[in-house]
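Each residue of the sequence shown is one higher than the last, beginning at -4 in this note's numbering.
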Amino acid sequence: FEVGHVRLYAEGGAAVLAGETELFSSKDHNSHQLEELGFVARGGADFGWSNIRLEFGYASGDTDSHDDRIRSFKFDRDYGVGLVLFGEYLGNLTAASAWNVSRPHTSHVAPAGHSHIPTDGAVTNAIYLNPVVKLTPSPNVEVLLGLLYARAEEEAFDPFQSGMKDGAEVKGYRGAAHPVELGWELDLAVSYTAELWGLGTLE
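This is how it looks when you write it as structure tokens:
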């Protein structure tokens, strides 16, 4: 809706996964109950020459690999949040964890479900806040400034590092103890669009 010359907006979405699966198995359970939740809420104000947006997201996590529940929700990997933290940094760390637990000299038989460890850059086991400011000082110039803060919904769990402790202690990526903070990210983008005679638009 609009208040004067300012347009205010809000939107959101949520998904719940519930049921039973035999995709994962353990020595104690042949099937698991799915109890996964994820949601995104977004709101902002559009002033015409500037736009302020605030996004809050949640994806449930699961650090207990011995019970009969699976709580780890994963966003669609095409849903981008920030540029580096989820898509590159955490995506690479989880891929390395999956590779480590499946190596022949660390595990004679790769654990069931190890191929699902990599996040492929998707948001999972996270609570994040992502404010973004867009400035349009002129029709052909656009500036974006974004801040991303994220922490784990449950302690970030690295199966390989935790397995080295026989599963008695939750270890994060690179062996971090009680890992909760996922990190901060600051993004800046500037675009300029120019009309070149005879060549069309150049960005």
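For every residue, glycine included, the Cβ atom is placed at its ideal position computed from N, Cα and C.
ask   = Ordered along the chain, which non-local residues of its own chain (more than five positions away) have a Cβ less than 6 Å from that of V138?
value = L130, V185, listed in sequence order.
task = Determine which residues share a DSSP beta bridge with P134 and list them.
result = DSSP output for P134 lists no bridge partner at all.
task = Could you spell out the range, first to last residue, of the alpha helix (DSSP H) harbouring A10?
result = It is not in any alpha helix (DSSP H) - A10 instead sits in the beta strand (DSSP E) that spans 1 to 16.
task = Identify whether Y123 lies in helix, strand or coil by the three-state DSSP scheme.
result = Residue state, collapsed to three classes: strand.
request  = Give me the Cα-Cα distance between T89 and A40, rounded to the nearest whole angstrom.
outcome  = Computed Cα separation, rounded: 36 Å.
inquiry  = Going by DSSP in three states, Y74 sits in which element: helix, strand or coil?
reply    = Three-state DSSP puts Y74 in coil, outside helix and strand.
message = Rounding to the nearest angstrom, what Cα-Cα distance links E202 and G56 in this structure?
response = Given a span of -4 to 198 for the chain in the structure shown, any question on residue 202 remains unanswerable.
ask   = Which two residues bound the contiguous alpha helix (DSSP H) that contains L88?
value = L88: member of the alpha helix (DSSP H) spanning 86 to 97, first to last residue.
ask   = S67 bridges to which residues according to DSSP?
value = S67 has no beta-bridge partner at all, per DSSP.
task = Use the C-beta contact count for S26: other C-beta atoms within 10 angstroms, 16 or more gives buried, fewer gives exposed.
result = Around the C-beta of S26, fewer than 16 other C-beta atoms lie within 10 Å, and the residue is accordingly described as exposed.
query = Can you tell me the Cα-Cα spacing of V175 and N135, whole angstroms?
reply = Cα to Cα, V175 sits roughly 42 Å from N135.
query = Are the CB atoms of V76 and V118 nearer to each other than 8 Å?
reply = Yes, the pair counts as a contact, with Cβ atoms nearer than the cut-off.
query = Residues bridged to L183 by DSSP?
reply = Answer is L140, bridged to L183.
query = CA-CA distance, N95 and L181?
reply = Using only the alpha carbons, I get a separation of about 30 Å.
key: Residue span of the beta strand (DSSP E) that contains D41, given as start and end   = Going by DSSP, D41 is part of the beta strand (DSSP E) stretching over 27 to 41.
key: Length of the line joining the Cα atoms of V35 and D23   = V35 and D23 have their C-alpha atoms roughly 34 Å apart.
query = Roughly how many angstroms lie between the CA atoms of L29 and A9, to the nearest whole one?
reply = When rounded, the distance between both Cα atoms is 16 Å.
Delimiting residues of the beta strand (DSSP E) encompassing G52 = If you look at G52, you'll find it in the beta strand (DSSP E) that goes 45 to 54.
key: DSSP state of E176 mapped onto helix, strand, coil   = Correct three-state label for E176: strand.
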